[in-house]
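Going by my numbering, the first residue of the sequence shown is number 31, and it counts up by one from there.
By construction, the Cβ of each residue, glycine as well, lies at the ideal position given by its N, Cα and C atoms.
This report refers to the structure that appears directly beneath it.
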Amino acid sequence: MALKFKFAIASDLHIALPHTIWQHPARFHLVEYSIPAFEEVLSQLATLDLDFLLLPGDLTQHGEPENHQWLSKRLAQLPYPVYVIAGNHDVPRVETFNQFTPHYTQFGFKSGINEPNKLYYECEVLPNVRLIGLNSNQFDADGQQIGWIDDEQLVWLESVLENQDYALNLVTIHHNVLEHMHDQSRNALGQRYMLGNTERLCKILHQANVKLVFTGHLHVQDIAYSDRYDLYDITTGSLVSYPHPYRVLNYISDASGDRLEIESFRVKSIPEQADLSHFSREWMGDRSHPFVVRLLTHPPLNYSPEFAETLTPELRYFWAHIADGDAQFEFPNFPPVVREYLEAFSDVPPKDNNITLSLNK
Ligand SMILES: [Fe+2]
Ligand SMILES: [Fe+2]
């Protein structure tokens, strides 16, 4: 069946109106630029004749009602449909769980009208194309936020996927379903960004021939592929952290097969910060030091804090390179063990920013 459509992805907007901003010296996210960065994306998208825009969660700084209100009002002004899901920042506490969907009844969540607790949906976005928006935000027995899909939702997902009326199913979920960096399921940097029960989800998606999942949360540009599940997890970086990226995607199905053309762009300048790229990369360099120390002092490296400190000057832009996507690392001056471990964070195919994915295995 011939299909052709164009959509864009902007993730982890973390919208924060000025009076809602949490001031903290170690604050990692440039939420003060959330609105100008998103406005810049919208102005760049205006000429593209999009079929829809996808926002895979962390729409707001911390789920503040006024930030949700600002965003839903802004989205309602756009000339193309918008679909959103919730990120961990949008439902930060158990009691905020049923306060999210009512803001987004025009943006995927028809459930928000009468079932505000149901944070997942299916939606026909174009003829023969269905978007399934999943909720990966849960709380454990201690009330801690975790990335997990509950059983009720998995049963629902299996049942909706039995309906094969659609030529194409796209899935979006905030937490990562495939590893986007070396050792992500285990290392101290990446583990909490993974969906806890991702294997079960991947099996269900694979059985239904779903090949494309769009995620956020990690604030990194990366495309991961699982040969086992014939599945791509396309994660898009955040608009409030370097490199402030967004993606424009063309899906084409014709006589030569099914493919997804992906292009990535960056917000490089906003009125408040003329050289946003430089400013933001330095900001990340200044603030990623504790994360890098954590990586070096935890398993499998387990270095002492003193030794870790001797390595950190050369790792100032380590996280910025990962966030950029397509990173290639070389640390010829480091001892062999740490050199090998950190160089393994170099990107593995497919490429992360600009690529055409062929979807016929
Ligand atoms: Fe985020
Ligand atoms: Fe998140």
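Asked                                                                                                                          : Found
Paired residues, beta bridge with arginine 222 - DSSP                                                                          : None; arginine 222 has no bridge partner.
Histidine 236 CB to nearest heavy atom of ligand 1 below 8 angstroms                                                           : no
Residues surrounding ligand 1 [beta-carbon distance to nearest heavy atom under 7 angstroms]                                   : Asp42, His44, Asp88, Gly117, His119, Gly246, His247, His249, Ser268
Own chain, CB closer than 6 angstroms to glycine 87, minus 5 neighbours either side, in chain order                            : Ile115, Ala116, Gly117, His204, Gly246
Member of Ile162, Arg160, Ser166, Val124 whose CA lies at the smallest distance from the CA of aspartate 172                   : Val124
Separation of tryptophan 313 from serine 268, as counted between CA atoms                                                      : 14 angstroms
Three CB pairs or more closer than 8 angstroms across the region 56-73 and the region 300-313                                  : yes
Ligand 2 heavy atom lying under 8 angstroms from the CB of histidine 92                                                        : no
Other residues of its chain near histidine 249: CB distance less than 7 angstroms, five sequence neighbours each side excluded : Asp42, Gly267, Ser268, Ser271, Ala353
Minimum C-alpha distance to proline 329 - residue among Gly315, Lys148, Lys103, Arg216                                         : Arg216
Every unbroken alpha helix (DSSP H) within the region 175-246, with a cutoff of 4 residues, ordered by chain                   : 181-192, 228-237
Coil, strand or helix - phenylalanine 68 by DSSP                                                                               : helix
Run of the beta strand (DSSP E) containing isoleucine 115, from where it starts to where it stops                              : Premise fails: isoleucine 115 is in no beta strand (DSSP E) and is neither H nor E.
Nearest-angstrom beta carbon gap, leucine 290 and leucine 242 [assumed within contact, 8 angstroms]                            : 7 angstroms
Per DSSP, the bridge partner or partners of leucine 156                                                                        : Val159
Leucine 200 versus leucine 279: straight-line alpha-carbon distance, rounded                                                   : 13 angstroms
Closer than 8 angstroms: histidine 204 CB and nearest ligand 2 heavy atom                                                      : yes
Tyrosine 276, enclosing beta strand (DSSP E) - first and last residue                                                          : 275-284
Opposing strand residues paired with aspartate 356 [DSSP bridges]                                                              : Beta-bridge pairing links aspartate 356 to no other residue.
Of the listed residues Gly315, Thr327, Gln237, Tyr196, nearest to alanine 32 (C-alpha basis)                                   : Tyr196
Beta-bridge partners of serine 294, as assigned by DSSP                                                                        : Arg277
Threonine 202, buried or exposed, once every other Cβ within 10 Å from all chains shown has been counted against 16            : buried
Beta-carbon gap between tyrosine 347 and histidine 212 smaller than 9 angstroms                                                : no
Alpha carbon of serine 166 to alpha carbon of histidine 44, nearest angstrom                                                   : 17 angstroms
Contact between the region 182-195 and the region 224-242 (3+ Cβ pairs under 8 angstroms)                                      : yes
Sequence-distant residues of its chain with Cβ nearer than 6 angstroms to proline 111 (five each side left out)                : Phe82
Leucine 219 beta carbon less than 9 angstroms from that of leucine 331                                                         : no
Valine 159 and phenylalanine 35 closer than 9 angstroms at C-beta                                                              : yes
Any non-hydrogen atom of ligand 4 closer than 8 angstroms to valine 71 Cβ                                                      : Of the ligands this structure carries, namely ligand 1 and ligand 2, none is ligand 4.
Local Cβ density within 10 Å of alanine 76, reported as buried at 16 or more and exposed below that                            : exposed
Buried/exposed call for glutamate 16, threshold 16 Cβ in 10 Å                                                                  : Summary: the structure shown does not reach residue 16, with the chain confined to residues 31 through 391, and so no result is reported for it.
Secondary structure of glutamine 99, DSSP reduced to three states                                                              : helix
Residues near aspartate 180 in its chain [Cβ-Cβ closer than 8 angstroms; skip 5 each side]                                     : Gln168
Euclidean distance between Cα positions of aspartate 120 and proline 379                                                       : 32 angstroms
Cβ pair tyrosine 113, glycine 177 closer than 9 angstroms                                                                      : no
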